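Novice:
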Amino acid sequence: MRIFVLSGQSNMAGRGGVHHRHWDGVVPPECAPTPSVLRLTAALDWAEAREPLHADIDTAKTCGVGPGMAFARSVLPRLDPPGSGVGLVPCAVGGTAIREWARGERLYDQMVRRARAAADCGEIEAVLWYQGESDADSDAAAAAYGANMERLIANVREDLGMPHLPFIQVALASGNKRNIEKVRKAQLGINLPNVVTVDAIGLSLNEDHLHLTTESQVKLGEMLAQAYGLLIYDPHDIRLLTALCCKAATSWVFNVISRRL
């Protein structure tokens, strides 16, 4: 399997279709289960992946559709050799600040432990990271976000023994208006090898003005897959990204910043 770690907070865990703490149960075809996509359960067993992917990980909140399934299904045709499967490792927990993902903290240790367990069955391809809304609530946290994120990336790479492990992070689409631009600036300014930033700004939000809708989560998953294609130098994806970035009439914004060795 090609393994992808899904981490961060609620928009990675998925709140698509969640209204008044209830998930509507709608699963778009882009997120439908397939035997080729598995997920690592909380008990560290592999099972066919189904929405909500984080139901047994982000247990304190109601989970809905996130970007993981749309990402996995978009990635499947790109895998070499053909017929390879995708293993998703859900780790995201809603309402968490980046300090809770520091080395030695419970969430960090759980993410690394789950990634190591998954690696017994395949190769870890990338970490997909969507987090920062909680840090936008604090002036100090927003100011320190860039340094904390770079430290997180370095620590994960060191602890997994993968110094070039790709990180595909998402720049915030929502958050405290006072500090959201500070966090976004930090995210877009990460200057490390094999780090790609997908910009979620412009994607539609639920009525809470914080979480992405189901439709937006599908789009985000596809954007993340295109960014992964860019990391592995897929010419089709490079042409597609150029077209998306140049299409002024697009209803959503897709910016990619790539730092390579």
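In my numbering, the protein residues as written are 1195 to 1455.
Idealized CB from N, CA, C, for every residue including glycine.
Since we're looking at a predicted model, the values are computed, not measured.
1. Take the Cβ of Leu1386 as the centre, count every other Cβ of all protein chains shown within 10 Å, and call the residue buried at 16 or more, exposed below.
2. Taking the beta strand (DSSP E) that Arg1196 falls in, what are its first and last residues?
3. Between Pro1357, Gly1281, Leu1406, which lies nearest to Gly1369 when the distance is taken from Cα to Cα?
4. What are the partner residues of Gln1363, as DSSP defines its beta bridges?
5. Quick check: the Cα distance between Leu1414 and Pro1261, rounded to an integer number of angstroms?
6. Return yes when the Cβ of Ala1264 is within less than 9 Å of the Cβ of Pro1222, no when it is not.
7. So if DSSP puts Val1231 in a beta bridge, which residue, or which two residues, is it bridged to?
8. Indicate the three-state DSSP secondary structure (helix, strand or coil) for Leu1354 in the structure shown.
9. Which word fits Asp1314, buried or exposed, when buried means at least 16 other C-beta atoms lie within 10 angstroms of its C-beta?
10. Taking the C-alpha atoms as reference points, what is the distance between Asn1205 and Gln1325?
11. In whole angstroms, give me the CA-to-CA distance for Thr1256 and Pro1276.
12. Do Ile1395 and Arg1378 have their beta-carbon atoms positioned less than 9 Å apart in this structure?
13. Could you check the C-alpha separation between Ala1320 and Val1350 for me, to the nearest Å?
14. For Asp1303, count neighbouring C-beta atoms within 10 Å of its own C-beta (all shown protein chains included) and say buried if the count is 16 or more, exposed if not.
15. Using CA atoms only, rank isn't needed, just tell me which of Asp1393, Met1417, Thr1391, Gln1411 is closest to Leu1399.
16. Decide if Leu1238 is buried, meaning its Cβ has at least 16 other Cβ atoms within 10 Å, or exposed.
17. How should Glu1299 be labelled, buried or exposed, when 16 other C-beta atoms within 10 angstroms of its C-beta is the threshold for buried?
18. Quick check: what's the CA-CA separation for Glu1344 versus Asn1388?
19. Can you check whether the CB of Met1195 is closer than 9 Å to the CB of Gly1279?
20. So what does DSSP say about Val1287, is it helix, strand or coil?
21. Suppose only complete runs of 4+ residues qualify. What are the alpha helix (DSSP H) ranges in the stretch 1229-1278, listed by chain order?
22. Would you call Arg1433 buried or exposed, if buried means 16 or more other Cβ atoms sit within 10 Å of its Cβ?
23. With DSSP as the reference, identify every bridge partner of Gly1210, one or two as the case may be.
24. If you check the beta carbons only, do Val1364 and Leu1425 fall under 9 Å apart?
25. Quick one: Cα of Trp1217 to Cα of Leu1247, how far?
Specialist: The short version:
1. exposed
2. 1196-1202
3. Leu1406
4. Trp1323, Thr1391
5. 6 Å
6. yes
7. Val1280
8. coil
9. exposed
10. 8 Å
11. 35 Å
12. yes
13. 11 Å
14. exposed
15. Gln1411
16. exposed
17. exposed
18. 12 Å
19. yes
20. coil
21. 1262-1269
22. In this predicted model, Arg1433 has a pLDDT of only 43, less than 50, meaning its place in the structure is not dependable; the value taken from the coordinates is given anyway. Classification of Arg1433: exposed, given that the 10 Å Cβ count is below 16.
23. Val1259
24. no
25. 13 Å
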